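K.L.:
Please see the structure below; I have some questions.
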Amino acid sequence: MISKVLIANRGEIALRVLRACKELGIATVAVHSTADADAMHVRLADESVCIGPPPSRESYLNIHQIVAACEITGADAVHPGYGFLSENAKFAEILDAHGITFIGPTAEHIRIMGDKITAKQTAQELGIPVVPGSDGEVRPENALEVARKIGFPVLIKATAGGGGRGMKVARSEADLDEAVSTARSEALAAFGNDAVYMEKYLGKPRHIEIQVVGDGMGNAVHLGERDCSLQRRHQKVWEEANSPALNVEQRMKIGQVCADAMKKLKYRGAGTIEFLYENGEFYFIEMNTRLQVEHPITEAITGIDLVHEQIRVASGAGLSVTQEDIVFSGHAIECRINAEDPRTFVPSPGTITHFHAPGGLGVRVDSGAYQGYKIPPYYDSLIGKLIVHGRTRVECMMRLRRVLDEFVIDGIKTTLPLFQDLIGNQDIANGDYDIHWLENYLASKT
Ligand SMILES: Nc1ncc2cc(-c3cccc4ccccc34)c(N3CC[C@@H](N)C3)nc2n1
Ligand SMILES: [Ca+2]
9 MISKVLIANR GEIALRVLRA CKELGIATVA VHSTADADAM HVRLADESVC
59 IGPPPSRESY LNIHQIVAAC EITGADAVHP GYGFLSENAK FAEILDAHGI
109 TFIGPTAEHI RIMGDKITAK QTAQELGIPV VPGSDGEVRP ENALEVARKI
159 GFPVLIKATA GGGGRGMKVA RSEADLDEAV STARSEALAA FGNDAVYMEK
209 YLGKPRHIEI QVVGDGMGNA VHLGERDCSL QRRHQKVWEE ANSPALNVEQ
259 RMKIGQVCAD AMKKLKYRGA GTIEFLYENG EFYFIEMNTR LQVEHPITEA
309 ITGIDLVHEQ IRVASGAGLS VTQEDIVFSG HAIECRINAE DPRTFVPSPG
359 TITHFHAPGG LGVRVDSGAY QGYKIPPYYD SLIGKLIVHG RTRVECMMRL
409 RRVLDEFVID GIKTTLPLFQ DLIGNQDIAN GDYDIHWLEN YLASKT
């Protein structure tokens, strides 16, 4: 059984993990940089340890400091949150070597899914539908042959990439050589690994991901999908559960395919299987071996606390639910609130002079912000997540409209006005959008 969890993260997700630990009666250790000393989760934690100066690589990414903080406090488990070290196989291995429980998948599974070529090969072996493409790495000498087999347009992706980093489109044979050599050199520069692979480029897909949880012993469940198509420069802005594009049959089918795959893999912990969805077909692109920012909308429609499940599984207690126990109820939408200008998206750090979170039935605000809190400029600009649930998408949208007008954050600029704009848009009301919709919409407004 786990007795003390060190939360190796900051901001809203650190508070989120702390809340789950407290509900389970588990002691909490917060770690923070000097810039986050007055963060909400540091105040609420049973203990806190300063692990370094503001730069992430000297604090939240500093494995030695985090392991030292475990030794000092006697923490017997670490929750990595998302980002930072959450998908760092070496970190998981080092914790294992110290006898400290890593609340997440095995280092082996983190590694397999972190390499996008092995991730795709593994997905295919497990019966998950994938995007047509190269079976493994492509090199300059075989790129043309592979592209002709796939058919243009093709997309070149870095195997060490993910989240949209290191991708190049080639629309014809004339573009191919340059696309491949540019992708390889950028991948080498960004990830220290120049291996690239090739896929059929899908023009107007939605981005739909399936939440799964496994107990590491061959049991696994799916918790439905999240539609994350509304993105800007690979930063998700607005996410929904369910997807407006799927019906119950499709949901159950792709969910079961993913759950069965996780059983075969004996996957341990929470995970997200990412698909592109186009013309009624699902195409696997990546798997994330971490809890994701947008997990609360899945919690809203299932009533299941995903961090509780992660901790249960890590402690060997197994899943608290079987697939039959899971009921999907209603619709949820998450709006990511960033300390950014709502039109230019330029970061807007500073001190919050007024903070009034909305409330009422079906309203959740996950944020570590408060009146007088100073947003540091060193980290990403997410300051909170607004999650709204309703019995139907229409009711959810009506509630979201009311809530957006109630939310007060003064002293800095935020992206709240963007959502007040989107909530009145006909395409959004109809759920009629793909991965390019938001960037096209924003471009049409300038
Ligand atoms: N074969 C093929 N065709 C089109 C694609 C288009 C994207 C993509 C491109 C641009 C924005 C996106 C937003 C959400 C999901 C995917 C994208 C894409 N991504 C971007 C991030 C990473 N998850 C994979 N892969 C693609 N793969
Ligand atoms: Ca990913």
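Each residue of the sequence shown is one higher than the one before, counting from 9 in our numbering. The beta-carbon is built from N, C-alpha and C at its ideal position, and this holds for glycine as well. None of these values were measured; they are calculated from a predicted model.
In angstroms with no decimal places, state the Cα-to-Cα distance between GLY288 and ARG259.
P.N.:
12 Å
K.L.:
For ILE125, tell me which candidate among VAL229, GLU101, HIS106 and ILE164 has the shortest Cα-Cα distance.
P.N.:
ILE164
K.L.:
Starting from the Cα of ASN201, find the closest Cα among SER193, LYS208 and GLU207 and give me that residue.
P.N.:
SER193
K.L.:
Quick one: is ASN70 buried, meaning 16 or more other Cβ sit within 10 Å of its Cβ, or exposed?
P.N.:
buried
K.L.:
Verify whether the separation of the beta carbon atoms of LYS382 and THR361 is less than 8 Å.
P.N.:
no
K.L.:
From ALA47 to HIS40, what does the alpha carbon distance come to, in whole angstroms?
P.N.:
8 Å
K.L.:
How long is the line joining the alpha carbons of PRO385 and LYS244, rounded to whole angstroms?
P.N.:
Annotation: PRO385 to LYS244 spans about 20 Å, alpha carbon to alpha carbon.
K.L.:
Tell me whether SER180 is buried or exposed, calling it buried when 16 or more other Cβ atoms sit within 10 Å of its Cβ.
P.N.:
Exposed.
K.L.:
What is the rounded straight-line gap between the Cα of LEU450 and the Cα of GLN239?
P.N.:
11 Å
K.L.:
Please confirm whether any heavy atom of ligand 2 lies closer than 7 Å to the CB of ASN3.
P.N.:
Nothing can be reported for residue 3, as the shown portion of the chain is limited to 9 through 454.
K.L.:
Can you name the start and end residues of the beta strand (DSSP E) that PRO41 belongs to?
P.N.:
Sequence inspection shows Ser at residue 41; the Pro mentioned does not correspond to that position. SER41 -> beta strand (DSSP E) spans 35 to 41.
K.L.:
Exposed or buried, what is GLN300 when buried is set at 16 or more other beta-carbons lying within 10 Å of its beta-carbon?
P.N.:
buried
K.L.:
Tell me whether SER310 sits in a helix, a strand or coil according to DSSP, three-state version.
P.N.:
Here the sequence assigns Thr to residue 310, which means Ser is not the residue at that position. Residue state, collapsed to three classes: helix.
K.L.:
Can you name the start and end residues of the beta strand (DSSP E) that GLN264 belongs to?
P.N.:
It is not in any beta strand (DSSP E) - GLN264 instead sits in the alpha helix (DSSP H) that spans 256 to 273.
K.L.:
Count the C-beta pairs between the region 336 to 351 and the region 400 to 419 that are closer than 8 Å, then say yes if the count reaches three, no if not.
P.N.:
yes
K.L.:
Kindly indicate the opening and closing residues of the beta strand (DSSP E) around MET175.
P.N.:
173 to 178
K.L.:
When every heavy atom of ligand 1 is checked, does at least one fall within less than 7 Å of the C-beta of TYR275?
P.N.:
no
K.L.:
Only counting the same chain, and skipping five residues up and downstream in sequence, which positions put a Cβ closer than 6 Å to that of PRO366?
P.N.:
VAL411, GLU414 and PHE415
K.L.:
Helix, strand or coil: which one does DSSP assign to ILE216?
P.N.:
In the three-state reduction of the DSSP assignment, ILE216 falls in the strand class.
K.L.:
Using the Cα positions of PRO62 and PHE283, report the straight-line distance between them to the nearest angstrom.
P.N.:
35 Å
K.L.:
Please go through the same chain and pick out, in chain order, the residues whose beta-carbon is closer than 6 Å to the beta-carbon of ILE74, but skip the five residues on each side of it.
P.N.:
If the five residues before and after ILE74 are omitted, its C-beta is found closer than 6 Å to the C-beta atoms of ALA16, all from its own chain and listed in chain order.
K.L.:
So is VAL221 buried or exposed if we call it buried at 16+ other beta carbons inside 10 Å?
P.N.:
VAL221 should be labelled buried.
K.L.:
Identify the residues that DSSP records as bridge partners of ILE281: which are they?
P.N.:
ILE218 and MET295
K.L.:
Please state if the CB of VAL265 and the CB of VAL329 are separated by a distance shorter than 8 Å.
P.N.:
no
K.L.:
In the region 13 to 93, which residue ranges form an unbroken beta strand (DSSP E) of at least 3 residues, counting only runs that do not cross its ends?
P.N.:
35 to 41, 55 to 60 and 85 to 87
K.L.:
Leaving out the 5 sequence neighbours to the left and right, which residues in its chain are closer than 6 Å to LYS216 when beta-carbon positions are compared?
P.N.:
For the record, residue 216 in the displayed sequence is Ile; it is not Lys. Only GLU233, ASP235, SER251, PHE283 and TYR285 meet the Cβ criterion.
K.L.:
Enumerate in chain order the residues of its own chain whose CB-to-CB distance from PRO113 is below 6 Å, with the five nearest sequence positions on each side excluded.
P.N.:
Closer than 6 Å at the Cβ level, and outside the excluded window around PRO113, lie ARG276, GLY277 and THR297.
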